[in-house]
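For the sequence shown, my numbering assigns the number 7 to the initial residue and increments by one for each residue that follows. Even glycine gets a Cβ: it sits at the ideal position worked out from N, Cα and C.
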Amino acid sequence: MPQLILFNKPYGVICQFSQHELHPTLKDHIDIPGVYPAGRLDTDSEGLLLLTGDGELQHRISDPRWKQSKTYWVQVEGTPVEEQLEALRAGVNLGDFITQPAEVRLLSEPPQLWERKPPVRFRKTVPDAWLEIIISEGKNRQVRRMTAKVGLPTLRLVRVAVGPWRLDGLQPGEFRRLEVSLADLPRAGHAKPVGKAPVQQPGRQAAEPAPARRAAPRFRFAKKS
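The structure is reproduced here in C-alpha coordinates:
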(Lines of atoms letter the chains of each structure in order from A and count residues from 1; the text may use other names and numbers.)
(Lines give C-alpha, C1' and ligand atoms only; values in the text may rest on other atoms or scores of the structure.)
Protein backbone atom coordinates (compact mmCIF):
# COMPACT_ATOMS: atom_id res chain seq x y z
CA MET A 1 0.00 0.00 0.00
CA PRO A 2 1.14 3.60 -0.55
CA GLN A 3 3.07 5.23 2.26
CA LEU A 4 2.26 8.66 3.64
CA ILE A 5 4.61 10.87 5.67
CA LEU A 6 3.06 13.12 8.33
CA PHE A 7 5.54 15.90 9.10
CA ASN A 8 5.29 18.76 11.57
CA LYS A 9 6.91 21.54 9.56
CA PRO A 10 8.65 24.11 11.74
CA TYR A 11 8.33 27.84 11.16
CA GLY A 12 10.78 29.08 8.53
CA VAL A 13 11.20 25.79 6.68
CA ILE A 14 10.49 26.04 2.96
CA CYS A 15 8.48 23.25 1.30
CA GLN A 16 11.10 21.93 -1.08
CA PHE A 17 13.99 19.49 -0.98
CA SER A 18 16.40 21.50 -3.12
CA GLN A 19 18.77 23.83 -1.29
CA HIS A 20 17.58 27.37 -0.59
CA GLU A 21 19.78 30.41 0.06
CA LEU A 22 17.73 31.80 2.95
CA HIS A 23 15.71 28.99 4.54
CA PRO A 24 16.15 25.43 5.75
CA THR A 25 14.32 22.91 3.58
CA LEU A 26 12.57 19.57 3.93
CA LYS A 27 15.89 17.86 3.24
CA ASP A 28 17.16 19.09 6.61
CA HIS A 29 14.45 17.06 8.36
CA ILE A 30 13.40 14.15 6.13
CA ASP A 31 15.96 11.74 4.71
CA ILE A 32 13.59 9.55 2.70
CA PRO A 33 14.19 9.35 -1.06
CA GLY A 34 11.39 9.66 -3.59
CA VAL A 35 8.78 11.50 -1.53
CA TYR A 36 7.25 14.89 -2.34
CA PRO A 37 4.78 17.24 -0.64
CA ALA A 38 1.09 16.62 -1.29
CA GLY A 39 0.08 20.26 -1.13
CA ARG A 40 2.09 23.06 0.40
CA LEU A 41 2.45 25.08 3.58
CA ASP A 42 3.80 28.63 3.60
CA THR A 43 7.31 29.19 4.92
CA ASP A 44 5.99 31.35 7.77
CA SER A 45 3.31 28.79 8.70
CA GLU A 46 3.73 25.71 10.87
CA GLY A 47 2.22 22.31 11.30
CA LEU A 48 1.06 19.33 9.29
CA LEU A 49 2.57 18.71 5.88
CA LEU A 50 1.84 15.46 4.03
CA LEU A 51 4.39 13.81 1.72
CA THR A 52 4.25 10.70 -0.43
CA GLY A 53 5.96 9.07 -3.37
CA ASP A 54 2.69 7.68 -4.74
CA GLY A 55 1.22 9.81 -7.55
CA GLU A 56 -2.37 8.69 -7.06
CA LEU A 57 -2.27 9.32 -3.32
CA GLN A 58 -0.72 12.74 -3.89
CA HIS A 59 -3.51 13.55 -6.35
CA ARG A 60 -6.23 12.39 -3.95
CA ILE A 61 -4.85 14.66 -1.23
CA SER A 62 -4.00 17.82 -3.15
CA ASP A 63 -6.60 17.97 -5.95
CA PRO A 64 -9.44 20.35 -4.91
CA ARG A 65 -12.03 18.00 -6.40
CA TRP A 66 -11.53 15.61 -3.49
CA LYS A 67 -12.24 18.44 -1.02
CA GLN A 68 -9.86 17.34 1.71
CA SER A 69 -10.59 19.65 4.63
CA LYS A 70 -7.73 21.57 6.22
CA THR A 71 -7.89 22.60 9.89
CA TYR A 72 -5.89 25.57 11.16
CA TRP A 73 -5.34 27.11 14.57
CA VAL A 74 -4.89 30.80 13.92
CA GLN A 75 -3.66 33.43 16.35
CA VAL A 76 -5.10 36.78 15.29
CA GLU A 77 -4.55 40.34 16.41
CA GLY A 78 -7.63 41.87 17.99
CA THR A 79 -10.73 40.59 19.75
CA PRO A 80 -13.05 38.85 17.27
CA VAL A 81 -16.72 39.76 17.31
CA GLU A 82 -19.53 37.61 15.96
CA GLU A 83 -19.89 39.72 12.80
CA GLN A 84 -16.28 38.99 11.87
CA LEU A 85 -16.68 35.28 12.52
CA GLU A 86 -19.86 35.18 10.43
CA ALA A 87 -18.07 36.96 7.59
CA LEU A 88 -15.39 34.24 7.59
CA ARG A 89 -18.04 31.52 7.68
CA ALA A 90 -20.06 32.99 4.83
CA GLY A 91 -17.16 33.46 2.40
CA VAL A 92 -14.81 36.39 1.97
CA ASN A 93 -14.36 38.41 -1.21
CA LEU A 94 -10.60 38.63 -1.65
CA GLY A 95 -10.78 40.45 -4.97
CA ASP A 96 -9.43 37.69 -7.20
CA PHE A 97 -11.87 35.12 -5.78
CA ILE A 98 -14.53 34.60 -3.12
CA THR A 99 -13.70 31.95 -0.58
CA GLN A 100 -16.04 29.05 0.01
CA PRO A 101 -17.91 28.93 3.33
CA ALA A 102 -15.63 27.94 6.20
CA GLU A 103 -16.11 26.43 9.63
CA VAL A 104 -14.92 28.98 12.18
CA ARG A 105 -15.00 28.97 15.95
CA LEU A 106 -13.35 31.00 18.67
CA LEU A 107 -11.05 28.93 20.89
CA SER A 108 -11.88 29.79 24.49
CA GLU A 109 -8.32 29.01 25.62
CA PRO A 110 -5.05 29.31 23.69
CA PRO A 111 -4.02 25.97 22.13
CA GLN A 112 -1.33 24.07 24.00
CA LEU A 113 1.31 24.46 21.33
CA TRP A 114 5.07 24.37 21.23
CA GLU A 115 6.90 27.68 21.48
CA ARG A 116 7.53 29.20 18.07
CA LYS A 117 11.08 30.18 17.14
CA PRO A 118 11.30 33.10 16.73
CA PRO A 119 8.35 33.87 19.04
CA VAL A 120 5.42 35.99 17.97
CA ARG A 121 5.89 39.59 19.09
CA PHE A 122 3.81 40.17 22.22
CA ARG A 123 2.32 43.60 22.98
CA LYS A 124 0.43 44.08 26.23
CA THR A 125 -1.68 46.88 24.75
CA VAL A 126 -2.88 44.83 21.77
CA PRO A 127 -5.22 41.88 22.49
CA ASP A 128 -5.04 38.66 20.54
CA ALA A 129 -7.18 35.54 20.20
CA TRP A 130 -7.14 32.07 18.70
CA LEU A 131 -9.53 30.77 16.05
CA GLU A 132 -10.04 27.33 14.57
CA ILE A 133 -10.68 27.65 10.83
CA ILE A 134 -11.56 24.69 8.60
CA ILE A 135 -11.53 25.16 4.83
CA SER A 136 -11.67 22.81 1.85
CA GLU A 137 -9.65 25.08 -0.41
CA GLY A 138 -5.98 25.87 -0.19
CA LYS A 139 -5.16 28.88 -2.31
CA ASN A 140 -2.07 31.01 -1.81
CA ARG A 141 -2.03 32.49 1.72
CA GLN A 142 -5.79 32.11 1.83
CA VAL A 143 -6.33 31.98 5.61
CA ARG A 144 -4.07 34.98 6.22
CA ARG A 145 -5.90 36.95 3.55
CA MET A 146 -9.29 35.95 4.96
CA THR A 147 -8.54 37.10 8.51
CA ALA A 148 -6.91 40.32 7.32
CA LYS A 149 -9.95 41.12 5.17
CA VAL A 150 -12.27 41.02 8.19
CA GLY A 151 -9.90 43.09 10.34
CA LEU A 152 -8.10 40.31 12.23
CA PRO A 153 -4.49 40.10 11.01
CA THR A 154 -2.89 36.70 11.48
CA LEU A 155 0.02 36.53 13.92
CA ARG A 156 0.60 32.78 13.87
CA LEU A 157 -0.79 30.00 11.68
CA VAL A 158 -0.61 26.30 12.56
CA ARG A 159 -2.18 23.56 10.44
CA VAL A 160 -3.27 20.74 12.72
CA ALA A 161 -5.11 18.47 10.26
CA VAL A 162 -5.59 17.63 6.59
CA GLY A 163 -8.65 15.46 5.98
CA PRO A 164 -8.46 12.52 8.41
CA TRP A 165 -4.77 13.00 9.26
CA ARG A 166 -3.77 15.00 12.35
CA LEU A 167 -0.58 16.06 14.08
CA ASP A 168 -1.45 13.96 17.14
CA GLY A 169 1.47 15.10 19.29
CA LEU A 170 4.18 15.40 16.62
CA GLN A 171 6.66 18.04 17.70
CA PRO A 172 8.31 20.45 15.19
CA GLY A 173 10.72 18.60 12.93
CA GLU A 174 9.25 15.16 13.73
CA PHE A 175 7.49 12.87 11.28
CA ARG A 176 5.75 9.52 11.19
CA ARG A 177 4.90 7.10 8.39
CA LEU A 178 1.56 5.46 7.62
CA GLU A 179 0.45 2.87 5.11
CA VAL A 180 -2.72 4.10 3.41
CA SER A 181 -5.35 2.26 1.41
CA LEU A 182 -6.72 4.43 -1.40
CA ALA A 183 -10.05 2.63 -1.04
CA ASP A 184 -10.38 3.96 2.52
CA LEU A 185 -9.81 7.61 1.63
CA PRO A 186 -12.77 9.93 2.21
CA ARG A 187 -14.09 11.57 -0.95
CA ALA A 188 -15.41 14.78 0.58
CA GLY A 189 -13.02 15.68 3.37
CA HIS A 190 -14.70 13.60 6.10
CA ALA A 191 -12.49 13.04 9.13
CA LYS A 192 -12.51 9.27 8.88
CA PRO A 193 -9.48 7.45 10.36
CA VAL A 194 -7.34 5.66 7.78
CA GLY A 195 -4.07 3.77 7.60
CA LYS A 196 -2.25 1.13 9.58
CA ALA A 197 -0.16 1.66 12.68
CA PRO A 198 2.85 3.88 11.90
CA VAL A 199 6.23 2.27 11.20
CA GLN A 200 9.07 3.21 13.52
CA GLN A 201 11.93 5.01 11.81
CA PRO A 202 15.26 6.30 13.14
CA GLY A 203 16.36 9.91 13.39
CA ARG A 204 13.82 12.63 13.92
CA GLN A 205 10.75 10.48 13.61
CA ALA A 206 8.42 10.60 16.59
CA ALA A 207 9.49 8.11 19.25
CA GLU A 208 5.93 7.03 20.12
CA PRO A 209 3.72 7.73 17.11
CA ALA A 210 -0.06 7.44 17.42
CA PRO A 211 -2.45 6.33 14.67
CA ALA A 212 -4.70 8.90 13.03
CA ARG A 213 -7.88 9.55 15.02
CA ARG A 214 -10.70 12.05 15.33
CA ALA A 215 -9.68 13.58 18.64
CA ALA A 216 -7.96 16.97 18.63
CA PRO A 217 -4.18 16.82 19.11
CA ARG A 218 -2.67 17.74 22.47
CA PHE A 219 0.67 19.46 22.86
CA ARG A 220 2.84 20.60 25.70
CA PHE A 221 1.79 24.02 26.95
CA ALA A 222 4.15 26.84 26.01
CA LYS A 223 3.77 29.89 28.20
CA LYS A 224 3.53 33.25 26.50
CA SER A 225 6.69 35.26 27.11
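### Message
Run through the DSSP bridge pairs and tell me what P117 is partnered with.
### Response
None; P117 has no bridge partner.
### Task
Buried or exposed for L176, please, with buried defined as at least 16 other CB atoms from any protein chain shown within 10 angstroms of its CB.
So L176 counts as buried.
### Query
Which residues bound the beta strand (DSSP E) around E88?
Unbroken run through E88 is the alpha helix (DSSP H), 88-96; no beta strand (DSSP E).
### Message
I want to see whether chain D comes within less than 8 Å of A189, judged by CB atoms only; does it?
### Response
Of the protein chains in the structure, only one exists, and it is not chain D.
#### Entry: Of the listed residues D50, G18, L91, P125, nearest to P30 (C-alpha basis)
G18
#### Entry: Whole-angstrom C-beta distance between L12 and L56, which should lie under 8 Å
Your pair L56 and L12 checks out as a contact, with CB atoms roughly 6 Å apart and the cut at 8 Å.
### Query
Applying the criterion that 16 or more other CB atoms from any shown protein chain within 10 Å of the CB defines a buried residue, is Y62 buried or exposed?
For the record, residue 62 in the displayed sequence is Glu; it is not Tyr. Per the 10 Å Cβ criterion, exposed.
### Task
Compute the Euclidean distance between the alpha carbons of W79 and Q22, then round it to the nearest angstrom.
23 Å
### Query
Which residues in the same chain have their Cβ closer than 8 Å to the Cβ of I104, if we skip the five residues on either side of it in sequence?
G97, V98, listed in sequence order.
### Query
Do K155 and L100 have their C-beta atoms closer together than 8 Å?
yes
### Task
Give me the Cα-Cα distance between P117 and G40, rounded to the nearest whole angstrom.
The straight-line gap separating the alpha-carbon atoms of P117 and G40 is approximately 34 Å.
### Message
Does P70 come out as helix, strand or coil in the three-state DSSP assignment?
### Response
helix
### Message
I'd like to check one pair, L163 with L137: are the Cβ atoms closer than 8 Å?
### Response
no
### Message
Give me the DSSP bridge partner(s) of T160.
### Response
V82
### Task
Taking the CB atoms as reference points, tell me whether V82 and A135 lie closer together than 8 Å.
Yes, these two residues count as a Cβ contact at 8 Å.
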